[in-house]
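In what follows, a single structure is set out as structure tokens and then discussed.
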DNA sequence: TTGAAAGCGCTAACAT
DNA sequence: ATGTTAGCGCTTTCAA
């Protein structure tokens, strides 16, 4: 691999001049520039990014930390982030945290040691303090880690209300909710949204809210229990698409039909929701747009060396399909 | 951020000594070692990875290049790779190539510039020459890019034969195939496997092989056409799970039932295949294991500085579910 | 057993 | 307009 010295030698100038044309900084005569460019071509020279990083304390690399890339919400997000960042000249490091504090910590340390320029993170376990002491631009996805920390979130409560209202409009009289983890902000918001729409109904019971943990197995079991206890239920709002798919399976297992006997609405709009039978009606988040926005914000922050204090709350959209 | 100089100063030794204890290389008196370790603790010193890379020409980073992380096959692979590599002290850079030669090229250049230590790649467009001139350990997934290049592949033909034989055992008399792209090796192998089992049957027709392109929309249309042309078809082997899901949808659209009227077997064993109704019978690849193996092989290669000339051909497994 | 110093490839003062 | 040089933080020879 040719180095800047080789280029300088071949062009008959000093390394400083080469550096100047490389970075288009300072004065360089047209003649020298030509010679340097020629030498660069001849040698197929590519600047050494590591040497640059050492000097600049920047690596043109950002970290993307998600709980688990296998969770179907994240591939699309990762794709959006990577697309956008690649366009802007950045490289993406993938981290699966499993929401494990120790793993998170070691990823953070690795990032500092490698001069990673910034971090896009979706986590419920990363505390505000640890983020603070980690002096690096951060954008948080799907959750406000700390006041004043840039975040991309969606209208969770509003979306939940849309979902439940939609079930009502469709003539459903007993609407249950499969909720997500108690510790997760968006699960709380979505549950609140549900409550606001049907919590005051005369038929409403606390036991209409079952715990699905955002996962399929738990949701299947929860739904079966729910429907056995309350056979009158004719509509379900599941807090995410995975839970909704679990609910569909449970309904089928009990010999009932979706949507005839029980109509189901999910939340997220992951690709999976189109692959099921029946296809899932869902509250779609603009996942790709979220990733794109996060990436752009982060780069802004990196360039300005100052943290924008913004929260982007993106809108959600009801996609009606066969499950309702 | 404390540097090695700070540590040396605080410990009252030279930076060389600090480096020695850091890397556990060369002679260090017990006393000096203690002092250095204490200083490291006091200062919460972490070695600067970039400076190390500059010297070592290694970055403890590897690239993972996939066509598209949104393709449901790859998240699990990425997870396996990342888990394994993180365990071994490596960081993973994610690249979505879209099988686009230009994108691939610029990723490769970025990797050279950043002293990336190796590459795990799944691509049908990366040519043998480009890989050769890219002097860096590479493991190829799901495809042999060049003779002698380490690859992880699966028993595609054998799996296809298993799938089709299984349909026969289940009493299916007219078995069709939804094939993948003509340019993709594993699609060719799977199609061959299909042919070997039923190509000699008296009822076999060339038009029983439809083109699904490994994608859902195309497979839906192909299946609809197929079943309209040949209503006698009672079994379908789809070359991947996405196609199989498309086939299920198509069968439903035509008012027929899976598996009563048409039994369907897929290939891949992606998580998605469990989420459908009916759940998909499929030939499962050991996806996680493939990623793990690839990562371990790559690290071996990096450490030994020499390329092992091995091809791992992993076995596949029939998972019987509701679609048959 | 330890330290001084060169060097990895680059950028940016500073001089000229 | 250009070159010389120090320095980014580390590792490793070489000498002591």
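Chains as they are written, first to last, in the numbering used here: chain A, 26 to 349; chain B, 26 to 349.
Just so it is clear, CB atoms sit at the ideal spot from N, CA and C, and this is done for glycine as well.
Residue-chain proximity (residue i, chain B), Cβ-Cβ < 8 Å
{"i": "residue 259 of chain A", "result": "no"}
{"i": "residue 235 of chain A", "result": "no"}
{"i": "residue 93 of chain A", "result": "yes"}
{"i": "residue 100 of chain A", "result": "yes"}
{"i": "residue 135 of chain A", "result": "yes"}
{"i": "residue 121 of chain A", "result": "yes"}
{"i": "residue 270 of chain A", "result": "yes"}
{"i": "residue 273 of chain A", "result": "yes"}
Local conformation of residue i per DSSP, three classes
{"i": "residue 219 of chain B", "result": "helix"}
{"i": "residue 27 of chain A", "result": "coil"}
{"i": "residue 292 of chain A", "result": "strand"}
{"i": "residue 202 of chain B", "result": "strand"}
{"i": "residue 95 of chain B", "result": "coil"}
{"i": "residue 83 of chain A", "result": "coil"}
{"i": "residue 168 of chain B", "result": "coil"}
{"i": "residue 44 of chain B", "result": "helix"}
{"i": "residue 197 of chain A", "result": "coil"}
{"i": "residue 283 of chain B", "result": "coil"}
{"i": "residue 346 of chain A", "result": "coil"}
{"i": "residue 161 of chain A", "result": "coil"}
{"i": "residue 51 of chain B", "result": "coil"}
{"i": "residue 192 of chain A", "result": "helix"}
{"i": "residue 184 of chain B", "result": "helix"}
{"i": "residue 224 of chain A", "result": "coil"}
{"i": "residue 88 of chain B", "result": "strand"}
Minimum Cβ-Cβ distance from residue i to chain A less than 8 Å
{"i": "residue 297 of chain B", "result": "yes"}
{"i": "residue 117 of chain B", "result": "yes"}
{"i": "residue 301 of chain B", "result": "yes"}
{"i": "residue 103 of chain B", "result": "yes"}
{"i": "residue 170 of chain B", "result": "no"}
{"i": "residue 107 of chain B", "result": "yes"}
{"i": "residue 277 of chain B", "result": "yes"}
Delimiting residues of the beta strand (DSSP E) encompassing residue i
{"i": "residue 99 of chain B", "result": "Note, residue 99 of chain B: premise wrong, no beta strand (DSSP E); alpha helix (DSSP H) at 99-112."}
{"i": "residue 116 of chain A", "result": "116-121"}
{"i": "residue 262 of chain B", "result": "260-263"}
{"i": "residue 146 of chain B", "result": "143-146"}
{"i": "residue 179 of chain A", "result": "176-179"}
{"i": "residue 339 of chain A", "result": "336-339"}
{"i": "residue 236 of chain A", "result": "234-236"}
{"i": "residue 150 of chain B", "result": "No beta strand (DSSP E) contains residue 150 of chain B, which DSSP labels as neither H nor E."}
Residue i: first and last residue of the uninterrupted alpha helix (DSSP H) it sits in
{"i": "residue 313 of chain A", "result": "312-329"}
{"i": "residue 126 of chain A", "result": "126-138"}
{"i": "residue 248 of chain A", "result": "241-254"}
{"i": "residue 68 of chain A", "result": "55-68"}
{"i": "residue 297 of chain B", "result": "297-300"}
{"i": "residue 39 of chain B", "result": "Per DSSP, residue 39 of chain B belongs to no alpha helix (DSSP H) and is neither H nor E."}
{"i": "residue 274 of chain B", "result": "266-278"}
For the stretch 65-87 of chain A, enumerate the residues whose C-beta is nearer than 9 Å to any C-beta of chain B, in chain order.
Those residues of the stretch 65-87 of chain A that come within reach of chain B (Cβ to Cβ, closer than 9 Å) are 71, 72, 73, 74, 75, 76, 77, 78, 79, 82, 84, 85, 86.
Residues in the stretch 138-152 of chain B having any Cβ partner in chain A nearer than 7 Å:
Listed by position, the residues of the stretch 138-152 of chain B near chain A (Cβ gap below 7 Å) are 138, 139, 140.
How about the stretch 234-241 of chain A and the stretch 184-191 of chain A: do they share at least three Cβ pairs that are nearer than 8 Å?
As far as the Cβ criterion goes, the stretch 234-241 of chain A does not touch the stretch 184-191 of chain A, which means the pair count is below three.
Three or more C-beta pairs closer than 8 Å, one from the stretch 145-159 of chain A and one from the stretch 123-133 of chain A: is that the case here?
With the cut-off at 8 Å, the stretch 145-159 of chain A and the stretch 123-133 of chain A touch.
Quick check: the stretch 96-105 of chain B against the stretch 290-300 of chain B, are there 3 or more CB pairs under 8 Å?
Enough Cβ pairs lie closer than 8 Å, so yes.
When you compare the stretch 244-251 of chain B with the stretch 310-317 of chain B, are there three or more beta-carbon pairs, one atom per stretch, that lie closer than 8 Å?
Contact between the stretch 244-251 of chain B and the stretch 310-317 of chain B is absent, because fewer than three Cβ pairs lie under 8 Å.
Decide yes or no for the touch test of the stretch 276-291 of chain A against the stretch 109-129 of chain A: beta carbon pairs closer than 8 Å, at least 3 of them.
No: the two stretches stay apart, fewer than three of their Cβ pairs being nearer than 8 Å.
Any residues in the stretch 201-217 of chain B with a beta carbon nearer than 8 Å to a beta carbon of chain A? Which ones, in chain order?
Answer set for the stretch 201-217 of chain B: empty.
Would you call the stretch 162-169 of chain A and the stretch 319-326 of chain A in contact, with 3 or more CB pairs under 8 Å?
With a cut-off of 8 Å, the stretch 319-326 of chain A and the stretch 162-169 of chain A count as touching, because enough Cβ pairs lie within range.
Does the contact criterion of 3 or more C-beta pairs under 8 Å hold for the stretch 169-178 of chain B versus the stretch 257-270 of chain B?
These segments do not touch.
State whether the stretch 104-115 of chain B contacts the stretch 50-62 of chain B, with contact taken as three or more CB pairs (one from each stretch) at a distance under 8 Å.
When C-beta atoms of the stretch 104-115 of chain B are compared with those of the stretch 50-62 of chain B, fewer than three pairs fall below 8 Å, so the two segments do not count as touching.
Three or more C-beta pairs below 8 Å linking the stretch 61-68 of chain A and the stretch 79-88 of chain A:
No, the stretch 61-68 of chain A is not in contact with the stretch 79-88 of chain A.
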